[in-house]
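Worksheet: one structure, shown below.
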Amino acid sequence: MNVLVIGGGGREHSMIKKLKESKLVEKLYAAPGNGGISRDAQCVPINDSQIEELAAFAKEAAIDWTIVGPENPLAAGIVNAFEKEQLQIFGPAQEAAIIEGSKDFAKRFMHKYGIPTASYQTFTDAGEAKAYIREHGVPIVIKADGLAAGKGVVVAETLEQALAAVDHILLDIEFGSAGSKIVIEEFLQGKEFSLMAFVNGSQVYPMVPARDHKRAYEGDQGPNTGGMGAYAPIPDLEAAVVETAIADILEPAAAGMVIENRPFSGVLYAGLIETSDGPKVIEFNARMGDPETQVVLPLLENDFMQVIIDVKAGKDPELTWKDAACIGTVVASAGYPGAYEKGRPLPSLDGAEAEGCFVIHAGTKLEEDRYVSAGGRVLLTGSVQQDQLAAQEAVSRFLKRFDASEDFFYRRDIGFQQNTEKA
Ligand code: AMP
Ligand code: GLY
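In the working numbering, the protein residues as written are 181 to 603.
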């Protein structure tokens, strides 16, 4: 089969590496892909927002399956457009992708179906939002309603921060229509984890849980980022909590979307927090997580393409997970998530396999025969080993090659904070 993966980040590179192992896949394409991906798939220079061009390409190149990585094309209706043209595609339709695209929708939906989440209220008026914040006090969480690339959430510890966040999101044009509504919610305390599942209508097939590290610096300090590293599974997460999350969150969410006439097909991602009251939802995503995918897919024993085909056909997929630990550490451009330079040469990445590691590219470009940086998150180095400690050691050994460079940084504590309150 000819398979097209939409997107060009680490998540998509990870999907492509897994698809390369599939016996069903003959030729792989990525749109737009990145420097590292170009070694594993044929990159096509079409952006994920160019839906018509993507559909035209899928026909022309006789693509049998298209797999969508990022949220924006899903929210823009790429699945609806492809299916109208009888093109097979994996991901939720626009009406189902709203579970990620509108936090207001997601909150009302969870409330309606009794899915545990922080209490909340939605506002379009800054004055009313501020009055609500004064009444409820801090800490409190302020979120832009729409897609804001992870930048639309402020966890305010002081009243000043909270009030400033209201103005910033509602009145600032930075967020465009994503910020015309805000959701203000209760601050939840506990360790976070991500649980993804293959979903088709009310059928739910969970993956292994993973933990992301959102803050830029060690010890979970500094600004929020797209994710600086992850690991799976989570040794300190009890199986009973995962079972509860499946039964009380993922399954009712899938069933609820069917009742709402927005049946979900694809990967449903629940960002969860383990509170003293049980797991609660921080957010739903309508796609695989980044960087969670990069540490979950290497643990999958089965043929990823076959899993997708089975899920989509309403058949139970075979899902077996390696009894091992995977850790992935992101190397970012100095300055990220603020301003950073592009085009910086990377050190040689040779020898990863011999060192028990793998390298997933996010923001790289191939210039002649060497890689240069092309984004904030540049790459992720991961390792699958018998236990987490061994995986951490392998990754940190490999990443030493970045230590001499001032152009890049990475967190040396991915996986180390399991025993602290906030992960
Ligand atoms: P998001 O972009 O929605 O994943 O949120 C970014 C981060 O904000 C999450 O990973 C949490 O650490 C934090 N966060 C979001 N909502 C809450 C909440 N209700 N209580 C505590 N922390 C939250
Ligand atoms: N790792 C968080 C996300 O993919 O949204």
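Ideal Cβ placement from N, Cα and C applies to all residues, glycine included.
Model, not experiment: these values are computed from the prediction.
Residue i and residue j: beta carbons closer than 9 Å?
{"i": "Ala434", "j": "Ser382", "result": "yes"}
{"i": "Pro517", "j": "Thr338", "result": "no"}
{"i": "Thr302", "j": "Lys287", "result": "yes"}
{"i": "Val149", "j": "Val224", "result": "Any property of residue 149 remains undetermined from this structure, which presents the chain solely from 181 to 603."}
{"i": "Leu254", "j": "Leu375", "result": "no"}
{"i": "Phe128", "j": "Pro459", "result": "Absent from the structure is residue 128, since the part of the chain shown begins at 181 and ends at 603."}
{"i": "Gln222", "j": "Trp245", "result": "no"}
{"i": "Lys310", "j": "Val333", "result": "no"}
{"i": "Ala211", "j": "Gly189", "result": "no"}
{"i": "Gly446", "j": "Phe270", "result": "yes"}
{"i": "Leu343", "j": "Ile313", "result": "yes"}
Check whether the Cβ of residue i lies closer than 8 Å to any heavy atom of the ligand GLY, and answer yes or no.
{"i": "Tyr293", "result": "no"}
{"i": "Tyr449", "result": "yes"}
{"i": "Pro374", "result": "The displayed chain sequence assigns Ser, not Pro, to residue 374. Within the cutoff, so yes."}
{"i": "Pro471", "result": "yes"}
{"i": "Asn465", "result": "yes"}
Tell me which residues share the same chain as residue i and place their Cβ nearer than 8 Å to its Cβ, disregarding the 5 neighbours each side in the sequence.
{"i": "Phe484", "result": "Met195, Lys198, Leu199, Glu201, Ser202, Leu477"}
{"i": "Gly494", "result": "Asn380, Gly381, Gln383"}
{"i": "Asn482", "result": "Pro497, Glu498, Leu499, Thr500"}
{"i": "Tyr590", "result": "Met408, Gly409, Thr509, Val510, Val511, Ala512, Leu579, Phe582"}
Going by beta carbon distance, what residues of the same chain come within less than 6 Å of residue i, once the five residues before and after it are set aside?
{"i": "Arg191", "result": "Gly249, Met468, Asp470, Thr473"}
{"i": "Pro432", "result": "Tyr293, Ile295"}
{"i": "Glu379", "result": "Sequence check: residue 379 is Val here, not Glu. So the list reads Ala434, Phe444, Leu448, once near-sequence residues are dropped."}
{"i": "Lys602", "result": "Confidence is the limiting factor: at Lys602 the pLDDT is only 40, short of 50, which leaves the residue's position unreliable, though a coordinate-based value still follows. Closer than 6 Å at the Cβ level, and outside the excluded window around Lys602, lie Asp400."}
{"i": "Glu265", "result": "Ala235"}
{"i": "Val335", "result": "Val321"}
{"i": "Ile462", "result": "Gly451, Ile453"}
{"i": "Asn465", "result": "Glu280, Tyr449"}
{"i": "Ile231", "result": "Ile258, Ala261"}
{"i": "Ala273", "result": "Val259, Asn260"}
Is residue i near the ligand AMP, in the sense that its beta carbon is under 8 Å from a heavy atom of that ligand?
{"i": "Asp392", "result": "yes"}
{"i": "Leu327", "result": "no"}
{"i": "Gln301", "result": "no"}
{"i": "Gln369", "result": "yes"}
{"i": "Asn252", "result": "no"}
{"i": "Ile186", "result": "no"}
{"i": "Val318", "result": "no"}
{"i": "Gln333", "result": "Gln is not the amino acid found at residue 333; the sequence shown has Val there. Val333: yes, Cβ under 8 Å from the ligand AMP."}
{"i": "Ile313", "result": "no"}
{"i": "Ile453", "result": "yes"}
{"i": "Val321", "result": "yes"}
{"i": "Ile462", "result": "yes"}
Under DSSP, the beta strand (DSSP E) around residue i begins and ends at which residues?
{"i": "Gly458", "result": "458-465"}
{"i": "Ala210", "result": "207-212"}
{"i": "Met376", "result": "371-380"}
{"i": "Arg550", "result": "550-553"}
{"i": "Leu452", "result": "445-455"}
{"i": "Leu339", "result": "Segment 339-346 is the alpha helix (DSSP H) holding Leu339; no beta strand (DSSP E) there."}
{"i": "Pro403", "result": "401-404"}
{"i": "Gly562", "result": "557-565"}
{"i": "Ile320", "result": "320-324"}
Ignore the nearest five residues each way along the sequence and tell me which others in residue i's own chain have a CB closer than 7 Å to its CB.
{"i": "Pro527", "result": "Arg581, Phe582, Ser585"}
{"i": "Val475", "result": "Ala390, Ala410, Tyr411, Ala412, Cys506, Ile507, Gly508, Gly562"}
{"i": "Phe578", "result": "Ala532, Glu535, Cys537, Thr561"}
{"i": "His316", "result": "none"}
{"i": "Gly215", "result": "His541, Thr544, Lys545, Leu546, Tyr551, Ala554"}
{"i": "Asp284", "result": "Thr302, Asp325, Lys361, Val363"}
{"i": "Arg592", "result": "Glu398, Ser576"}
{"i": "Asn252", "result": "Asp228, Ser229, Leu327"}
{"i": "Pro386", "result": "Leu375, Ala377, Ile426, Leu430"}
{"i": "Met290", "result": "Thr297, Val461"}
Let's see if you can read the secondary structure: which residues bound the alpha helix (DSSP H) around residue i?
{"i": "Gln474", "result": "472-476"}
{"i": "Phe237", "result": "231-240"}
{"i": "Ile196", "result": "190-200"}
{"i": "Ser576", "result": "568-579"}
{"i": "Val384", "result": "Taken as a continuous stretch (DSSP letters only), Val384 belongs to no alpha helix (DSSP H), being part of the beta strand (DSSP E) at 383-386."}
{"i": "Phe285", "result": "283-292"}
{"i": "Ala309", "result": "306-316"}
{"i": "Glu263", "result": "258-264"}
{"i": "Leu254", "result": "251-255"}
{"i": "Phe484", "result": "484-492"}
{"i": "Ala410", "result": "Premise fails: Ala410 lies in the beta strand (DSSP E), 409-412, not in any alpha helix (DSSP H)."}
Closer than 8 Å: is that where the CB of residue i sits relative to any heavy atom of the ligand FMN?
{"i": "Gly407", "result": "With respect to small molecules bound, the structure shown includes the ligand AMP and the ligand GLY and not the ligand FMN."}
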